[in-house]
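Residue numbers (the working numbering), protein chains in the order written: chain A, 1 to 116; chain B, 117 to 224; chain C, 225 to 467.
For reference, the structure is listed below as structure tokens.
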Amino acid sequence: MIARQMKHRGSALWIAAMIHRLSGLALAIFLPFHFLVLALAIQGGARLDSFLRWTDQPLVKLAEGGLVFLLAVHLLGGLRILAIENFDWRDGQKQLATIAAAISVLIAAGFLATVF
Amino acid sequence: MNVRLYVWQRATAAVMAPLVLGHIALIFYATRQGLTAADILARTQGSIVWAAYYGVFVAAASIHAAIGVRNVLGEWSPLTERRAGMFALLFGLILAALGARAVAAVVL
Amino acid sequence: MSGTLFELSVSLWRGGQEGRYENYHVPRRASQTVLDVVTFVQRHLDPTLSYRFACRVGVCGSCAMTVNGRPRWTCRTHVSKVADSGRLEIGPLANLPVIKDLTTDMEQFFVKWQRAKGAFVPSQTRRDAIAQIRPDTPARVAADAAIECINCGVCYAGCDTVRWNSAYLGPAALTRAWTLINDERDAGNAARLQAISASGGCHACHSHQSCQELCPQALNPTAAIAGLKKRTTAAYLKGEIKP
Numbered sequence: 001m002i003a004r005q006m007k008h009r010g011s012a013l014w015i016a017a018m019i020h021r022l023s024g025l026a027l028a029i030f031l032p033f034h035f036l037v038l039a040l041a042i043q044g045g046a047r048l049d050s051f052l053r054w055t056d057q058p059l060v061k062l063a064e065g066g067l068v069f070l071l072a073v074h075l076l077g078g079l080r081i082l083a084i085e086n087f088d089w090r091d092g093q094k095q096l097a098t099i100a101a102a103i104s105v106l107i108a109a110g111f112l113a114t115v116f
Numbered sequence: 117m118n119v120r121l122y123v124w125q126r127a128t129a130a131v132m133a134p135l136v137l138g139h140i141a142l143i144f145y146a147t148r149q150g151l152t153a154a155d156i157l158a159r160t161q162g163s164i165v166w167a168a169y170y171g172v173f174v175a176a177a178s179i180h181a182a183i184g185v186r187n188v189l190g191e192w193s194p195l196t197e198r199r200a201g202m203f204a205l206l207f208g209l210i211l212a213a214l215g216a217r218a219v220a221a222v223v224l
Numbered sequence: 225m226s227g228t229l230f231e232l233s234v235s236l237w238r239g240g241q242e243g244r245y246e247n248y249h250v251p252r253r254a255s256q257t258v259l260d261v262v263t264f265v266q267r268h269l270d271p272t273l274s275y276r277f278a279c280r281v282g283v284c285g286s287c288a289m290t291v292n293g294r295p296r297w298t299c300r301t302h303v304s305k306v307a308d309s310g311r312l313e314i315g316p317l318a319n320l321p322v323i324k325d326l327t328t329d330m331e332q333f334f335v336k337w338q339r340a341k342g343a344f345v346p347s348q349t350r351r352d353a354i355a356q357i358r359p360d361t362p363a364r365v366a367a368d369a370a371i372e373c374i375n376c377g378v379c380y381a382g383c384d385t386v387r388w389n390s391a392y393l394g395p396a397a398l399t400r401a402w403t404l405i406n407d408e409r410d411a412g413n414a415a416r417l418q419a420i421s422a423s424g425g426c427h428a429c430h431s432h433q434s435c436q437e438l439c440p441q442a443l444n445p446t447a448a449i450a451g452l453k454k455r456t457t458a459a460y461l462k463g464e465i466k467p
């Protein structure tokens, strides 16, 4: 066994940082597919339309809701970091991170409400 | 991560903040209206505004994502910083190429 | 295995980088600190235990160890505050090579201090008049807020980026660089800004803020590093730094 590692990982800001990193990675993986789908339009609207029909499935809509959450949480978390790095220090970062996550959930929920 | 990469990553982030907000608004609008491909293309084809909006978005996203991927690879994979940089550059170029193609597909 | 009303069940790391936790039973005492516990083991149970301490009163930073998963000053950590059900697990500080048992090799910590140009560079000599430094200028206020670091290594041990990025200078070294950048007597800022803008410098910080949460002196390295990011960005845009 090697000497034990840290147990601080439950902290809100560590979780916020992980969500920011993982959402970024997920979006980076998603983007090429998003671009490939949009480029279907080159072949005329019909090809894109048949893809859009595929996205009508409930599971796909749920996945899209997940993507909207990832985009929103990455944006809002990123804005919090930009604020830390460019303006005067303010305390309450845990609260800000939690608010960012909560708003992202609301945005994703709002999206799901429109598509279902 | 050095100061040069940092500045590029944060600058592209700042540029994209309003673009992402606009994109989310667009997603809501398009899904609410139930837009078809024809509806979308009718709005985007021949439009300088959409070309500019998404052209900038694609460029910024490619740079931002590439630097992000570089950082994550450097910290979480066994790759050396140099290798991580090469992989990230490749990824960024692929994103930019696919993105440019996608923008062209809807505006031309 | 839990402790009892009268005894603590204590696991201590024994060995080097590889090793194992060994268990000891230590009598409870009123106002007992974790350092008291470690000292009891070494004096009464196992004289081969290696650990560091000096002042015992929270001013030297020598006794920092990992206590139940968190880096702390053991002399200022009351057992009553941390021992859930009478259990303590004590190991060496993380992110540093283990020499033996609870002692780590702090060399990298101090090498990075030097690498960050964390040393004062004088701009005057003894023949010049003493510099008049007002304590209420924004720069001095910023420096004073970050100056009380005693190099205990707790922030370094708690930092994920230190763990993931071997080149990362770390919160303590960068915080010291911040105090010097804000010191109007210091003449070394050109080299210092360059040093902290390279790979592994202040831009590697992800603002997890574990350092601020853990610092026993209530310092805020995350804020200091944010200040460095601002300064280096401005310097870079003006062409003063070549990355």
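The beta-carbon is built from N, C-alpha and C at its ideal position, and this holds for glycine as well.
Item, Value
"Extent of the continuous alpha helix (DSSP H) to which R198 (chain B) belongs", "197-223"
"Identified DSSP bridge partners for T328 (chain C)", "C:V322"
"Anticipated Cβ contact below 8 Å, R400 (chain C) with G451 (chain C), distance rounded", "Actually they are not in contact, since the Cβ atoms of R400 (chain C) and G451 (chain C) sit about 13 Å apart, beyond 8 Å."
"Contact list for K453 (chain C) against chain A, beta-carbon separation under 7 Å", "E85"
"Residue from C:M289, C:N375, C:C279, C:E331 with nearest C-alpha to Q441 (chain C)", "C:N375"
"contact_flag[the stretch 201-212 of chain B, the stretch 149-163 of chain B] where n(CB pairs < 8 Å) is 3 or more", "no"
"Chain C residues whose Cβ lies nearer than 7 Å to that of L13 (chain A)", "H432, Q433"
"Whole-Å CB distance - F334 (chain C) paired with L404 (chain C), under 8 Å assumed", "So it is not a contact: roughly 16 Å between Cβ atoms."
"For L312 (chain C), three-class secondary structure by DSSP", "strand"
"Closest residue to I15 (chain A) among A:G110, A:A113, A:L106, A:L96 (Cα-Cα distance)", "A:L96"
"Candidates B:A133, B:I143, B:M132, B:A220: closest to G65 (chain A) by CA position", "B:I143"
"The stretch 204-216 of chain B: positions lying closer than 9 Å to chain C by Cβ", "none"
"Whole-angstrom distance between S233 (chain C) and N187 (chain B), CA atom to CA atom", "42 Å"
"Alpha-carbon to alpha-carbon, T98 (chain A) and W54 (chain A)", "34 Å"
"9 Å Cβ cutoff, A17 (chain A) in contact with chain C", "yes"
"Terminal residues of the alpha helix (DSSP H) in which R244 (chain C) lies", "Per DSSP, R244 (chain C) belongs to no alpha helix (DSSP H); it is in the beta strand (DSSP E), 243-251."
"Closest residue to E242 (chain C) among C:H427, C:G315, C:R409 (Cα-Cα distance)", "C:G315"
"Burial state of F35 (chain A) (16 or more Cβ within 10 Å)", "buried"
"For R21 (chain A), the three-state DSSP class (helix, strand or coil)", "helix"
"Between the CA atoms of D49 (chain A) and L151 (chain B) - distance to the nearest angstrom", "10 Å"
"Buried or exposed by the 16-neighbour rule on C-beta atoms within 10 Å, applied to Q149 (chain B)", "exposed"
"D384 (chain C) versus H432 (chain C) - alpha carbon distance", "8 Å"
"P194 (chain B) versus A353 (chain C): straight-line alpha-carbon distance, rounded", "54 Å"
"H302 (chain C) in three-state terms, based on DSSP", "strand"
"At least three beta-carbon pairs within less than 8 Å, the stretch 167-186 of chain B to the stretch 120-137 of chain B", "yes"
"C-alpha gap between T196 (chain B) and A204 (chain B), whole angstroms", "12 Å"
"Cβ shell of S423 (chain C) (< 7 Å), same chain only, five flanking positions each side left out", "A391"
"Whether L70 (chain A) touches A26 (chain A) by CB criterion (9 Å)", "yes"
"I84 (chain A) versus T272 (chain C): straight-line alpha-carbon distance, rounded", "47 Å"
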